[in-house]
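Chains as they are written, first to last, in the numbering used here: chain A, 201 to 322; chain B, 15 to 525.
Reading through the structure tokens given below for one structure.
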Amino acid sequence: MPYALCLLLFMIGLYCAVVKKNMVKIVVGIMVMEYAVNLFLIMLGYRAGGVAPIVDKSTLQAATGQVTAGFVNGSVDPLPQALVLTAIVISLGSLALMISICIRIYQKYGTFDITEIRRLRG
Amino acid sequence: MSVPLPVFIAIPLATAFLLPMFGKKGKSAATLLANLAVLSLLVLAIRCVGQSGVYEIGKWPIPLGINLVLDGLSSLLLLAISVVSTAAVLFSIRYMERYTAKSKYFSLFLLMVAGMNGVVLSGDMFNLFVFLEIASLASYALVGFGCEHEELEASFKYMVLGSIGSIFILFGVALVYGNTGTLNMAYVSRTIQQAGLNAGLAFALALFVAGFGLKAALVPFHAWLPDAHPSAPAPISAMLSGILIKTLGVYALTRVVFNVFGILPSTGWLLVVLGLLSMVTGAFLAFGQWDLKRLLAYSSISQIGYVVLGIGLGGLILARAGDNPSPAELAWASLAFLGGLFHLVNHAVYKALLFLTSGSVEMATGTRQMRQMGGLAERMPVTRTTCTVASAAIVGIPPFSGFWSKLILVWAAIQADFIWVAAIIVSVSLGTLIMYLKVQRYVFLGELPGNLQQTKENSSSMLLPMIALACLCVFMGLLVLVPSLKANILDPAVQALTAGVTYSDAVIGMR
Numbered sequence: 201m202p203y204a205l206c207l208l209l210f211m212i213g214l215y216c217a218v219v220k221k222n223m224v225k226i227v228v229g230i231m232v233m234e235y236a237v238n239l240f241l242i243m244l245g246y247r248a249g250g251v252a253p254i255v256d257k258s259t260l261q262a263a264t265g266q267v268t269a270g271f272v273n274g275s276v277d278p279l280p281q282a283l284v285l286t287a288i289v290i291s292l293g294s295l296a297l298m299i300s301i302c303i304r305i306y307q308k309y310g311t312f313d314i315t316e317i318r319r320l321r322g
Numbered sequence: 015m016s017v018p019l020p021v022f023i024a025i026p027l028a029t030a031f032l033l034p035m036f037g038k039k040g041k042s043a044a045t046l047l048a049n050l051a052v053l054s055l056l057v058l059a060i061r062c063v064g065q066s067g068v069y070e071i072g073k074w075p076i077p078l079g080i081n082l083v084l085d086g087l088s089s090l091l092l093l094a095i096s097v098v099s100t101a102a103v104l105f106s107i108r109y110m111e112r113y114t115a116k117s118k119y120f121s122l123f124l125l126m127v128a129g130m131n132g133v134v135l136s137g138d139m140f141n142l143f144v145f146l147e148i149a150s151l152a153s154y155a156l157v158g159f160g161c162e163h164e165e166l167e168a169s170f171k172y173m174v175l176g177s178i179g180s181i182f183i184l185f186g187v188a189l190v191y192g193n194t195g196t197l198n199m200a201y202v203s204r205t206i207q208q209a210g211l212n213a214g215l216a217f218a219l220a221l222f223v224a225g226f227g228l229k230a231a232l233v234p235f236h237a238w239l240p241d242a243h244p245s246a247p248a249p250i251s252a253m254l255s256g257i258l259i260k261t262l263g264v265y266a267l268t269r270v271v272f273n274v275f276g277i278l279p280s281t282g283w284l285l286v287v288l289g290l291l292s293m294v295t296g297a298f299l300a301f302g303q304w305d306l307k308r309l310l311a312y313s314s315i316s317q318i319g320y321v322v323l324g325i326g327l328g329g330l331i332l333a334r335a336g337d338n339p340s341p342a343e344l345a346w347a348s349l350a351f352l353g354g355l356f357h358l359v360n361h362a363v364y365k366a367l368l369f370l371t372s373g374s375v376e377m378a379t380g381t382r383q384m385r386q387m388g389g390l391a392e393r394m395p396v397t398r399t400t401c402t403v404a405s406a407a408i409v410g411i412p413p414f415s416g417f418w419s420k421l422i423l424v425w426a427a428i429q430a431d432f433i434w435v436a437a438i439i440v441s442v443s444l445g446t447l448i449m450y451l452k453v454q455r456y457v458f459l460g461e462l463p464g465n466l467q468q469t470k471e472n473s474s475s476m477l478l479p480m481i482a483l484a485c486l487c488v489f490m491g492l493l494v495l496v497p498s499l500k501a502n503i504l505d506p507a508v509q510a511l512t513a514g515v516t517y518s519d520a521v522i523g524m525r
């Protein structure tokens, strides 16, 4: 069920990016898609009632020095969180570039409506 | 492996961050530094030819750490990236004088090169995405570098479609991680071989085809290319059309489809159909163009179709043969791969050259409209000669490079009983001929319009890269004709494709 809602969020973003005429709304749509994917990544590593995957003395078996089976089965997967951090930084960069180009276009054309920004044809 | 692989990313990345510090006064120093960085990459790429190896970053063993993989396909692409970027950066020295902020331009340029080298070397799905985004973001900014009406509009269009493509790819990466529990390409491939393709992975494959197809501008994902490529400054058009769409699109798609997921008959057919559609649609749309660079951009769509067709055809033959292909089937598949990859390299060289000549013409005449040109043959003899050589190569007139790759493609299609594909290849070639006759007729022949009487040939620093690329166009045929060159440069790349999913064993074995 959470995955279906995540896909729905993705589709809402895609719809917004493809159908809307206002440039800022298109940018918002793309960002909604981006967040849906980030959410999906986080959900992949989530475990209901999981613990933070930090190894300390209480999670180590005294005899062998290995982590306990309970820790392995109960901890949250940390890798998707690292991936999401990277993905968020990248999307921040592209968001900044997109918005600055929107501002430049508004200065040149005086409108945010992409149906009126049509010098390139063919 | 004599060259440590991270230098291919470190050199351009470090230079890119250094350059903006020079500002307006240090413009010539920044130019020199950018040229030196790209030239050193060219030398390193030549040293990497015919080698293979795996580099584990921070000595973390795979699959725990990140790895860089050099194999035949990577070294071929590295070489192509270095050749095109060296020519483009030399051309930029004079051409970019028209724009302000030259050092920022070079900084973005090197960022794009770093991203492309990273995509080619990465042995890890998520890093592939990160480097792809670095290269894409730099290219969005470079398309809009002029900050005029058309450039900003094209940049926005390119960025919206490019970002959607990137998000598809990230979604695919997430699905792959969810279904296999690893991101290292070799281990993903191994897991897929053992557990088979489930619905989630099939969806991921579809997302990869759409995402990389958007980056490669395959029809029906091509809408951004004819706006973005002409609007960029000429050396950037050469980079985008010459190598960016191939690295981010075709290379990444090939790597994922062949080496990670393993080729299936359905994906083989999909690639063939996408290739044919791009070839035909690109050629038809190119006829009607009167803007020189726009015509070249549509022609890029058509040419990228040839590359994807060759690779897809080879994959289809292999996939139909199943686990134990007969020697004949293996030979035909290798021939199709060879045609596709050789066409990729050829197209990188001659389309870069064509865009550089279009930049030279635009700089001399101040227009890109072919109707307002004519008779430039006498005024600009070097530009005219190099453009004719490149046109002959793209049309496929012997002995120029394009002839050999098209010949191999047609031969492979006939051998594998795809006569109708061979017929389409030949007829699209005829269409290409008409397209480039139009360029020759309206730009270089005919009467010189009154306002262009004072047109002069450009300075030699712009002509040098053009002449160098033209020489390559003439002599590239040797890459398939001389056995030792073929064995060192093209054959390892072909083997990387025919080997398919055994890539994972090779990578894990090379540690």
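Backbone N, C-alpha and C fix where the C-beta goes; we use that ideal spot for every residue, glycine too.
- Around the Cβ of arginine 385 of chain B, a 10 Å sphere holds fewer than 16 other Cβ atoms; the residue is exposed.
- Straight through space, the alpha carbons of asparagine 273 of chain B and isoleucine 212 of chain A are spaced by roughly 33 Å.
- Under the DSSP assignment, leucine 239 of chain A falls in the alpha helix (DSSP H) whose first and last residues are 223–245.
- Assigned with DSSP and collapsed to three states, glutamine 383 of chain B falls in strand.
- Taking the Cβ atoms as the reference, methionine 130 of chain B lies roughly 5 Å from alanine 149 of chain B, within the contact range of under 8 Å.
- Residue-level contact by beta carbon fails for histidine 243 of chain B and chain A, as no gap is shorter than 8 Å.
- Under the Cβ criterion of 8 Å, isoleucine 254 of chain A is not counted among the residues facing chain B.
- Burial state of leucine 285 of chain A is exposed, judged by a 10 Å Cβ sphere holding fewer than 16 other Cβ atoms.
- In summary, glutamate 234 of chain A is buried, with 16 or more beta-carbon neighbours lying within 10 Å of its beta-carbon over all protein chains present.
- Using a Cβ distance threshold of 8 Å, methionine 476 of chain B and arginine 108 of chain B count as a contacting pair.
- Residue-level contact by beta carbon holds for isoleucine 181 of chain B and chain A, with a gap shorter than 8 Å.
- For cysteine 161 of chain B, the C-beta contacts it makes with chain A under 8 Å involve Arg304, in order along the chain.
- Between the C-alpha atoms of phenylalanine 159 of chain B and tyrosine 364 of chain B there is a straight-line separation of about 24 Å.
- Using a Cβ distance threshold of 8 Å, glycine 137 of chain B and serine 180 of chain B do not count as a contacting pair.
- Close to chain A, meaning a Cβ-Cβ distance shorter than 9 Å, are the following residues of the stretch 124–154 of chain B: Phe140, Phe143, Val144, Glu147, Ile148, Ser150, Leu151 and Tyr154.
- Its chain contains no residue whose beta carbon lies nearer than 6 Å to that of glycine 310 of chain A once the 5 sequence neighbours on both sides are disregarded.
- In terms of Cβ geometry, leucine 189 of chain B and glycine 227 of chain B do not form a close pair [threshold 8 Å].
- Here glycine 460 of chain B is near glycine 389 of chain B, since their CB atoms are less than 8 Å apart.
- Between the alpha carbons of threonine 194 of chain B and serine 275 of chain A lies a gap of roughly 19 Å.
- Looking only at B/Gly328, B/Pro75 and B/Ile250, the smallest Cα-Cα distance to phenylalanine 120 of chain B is reached by B/Ile250.
- Neighbourhood of methionine 233 of chain A in chain B, by CB distance below 8 Å: Ile178 and Ile181, in chain order.
- Within 7 Å of the CB of leucine 184 of chain B, the CB atoms of chain A belong to Val237 and Ala287, in sequence order along the chain.
- At least one CB of chain A lies nearer than 8 Å to the CB of tyrosine 191 of chain B.
- From the beta-carbon of glycine 293 of chain A, the residues of chain B found nearer than 7 Å are Leu151.
- Chain A has no Cβ within less than 8 Å of the Cβ of alanine 237 of chain B.
- Taking C-beta separations shorter than 6 Å and ignoring five residues to either side along the sequence, the partners of threonine 295 of chain B in its chain run Val233, following chain order.
- Looking at the DSSP output, serine 275 of chain A bridges to A/Val251.
- Beta-bridge analysis with DSSP links leucine 84 of chain B to B/Gly67.
- At least one beta carbon of chain A lies nearer than 8 Å to the beta carbon of serine 169 of chain B.
- Contacts between valine 174 of chain B and chain A, judged by CB atoms closer than 7 Å, involve Ala217, Ile226 and Ile230 in chain order.
- In terms of Cα proximity to asparagine 472 of chain B, the closest of B/Gly373, B/Val403, B/Val488 and B/Gly192 is B/Gly373.
- Leucine 483 of chain B sits close to alanine 101 of chain B, with the two beta carbons spaced by under 8 Å.
- For valine 496 of chain B, the secondary structure class from DSSP, reduced to helix, strand or coil, is coil.
- With the rule of 3 Cβ pairs closer than 8 Å, the stretch 435–447 of chain B counts as touching the stretch 401–414 of chain B.
- Using beta-carbon distances, arginine 319 of chain A counts as an interface residue toward chain B, with a partner under 8 Å.
- Secondary structure note for leucine 47 of chain B: its alpha helix (DSSP H) is the uninterrupted segment 41–61.
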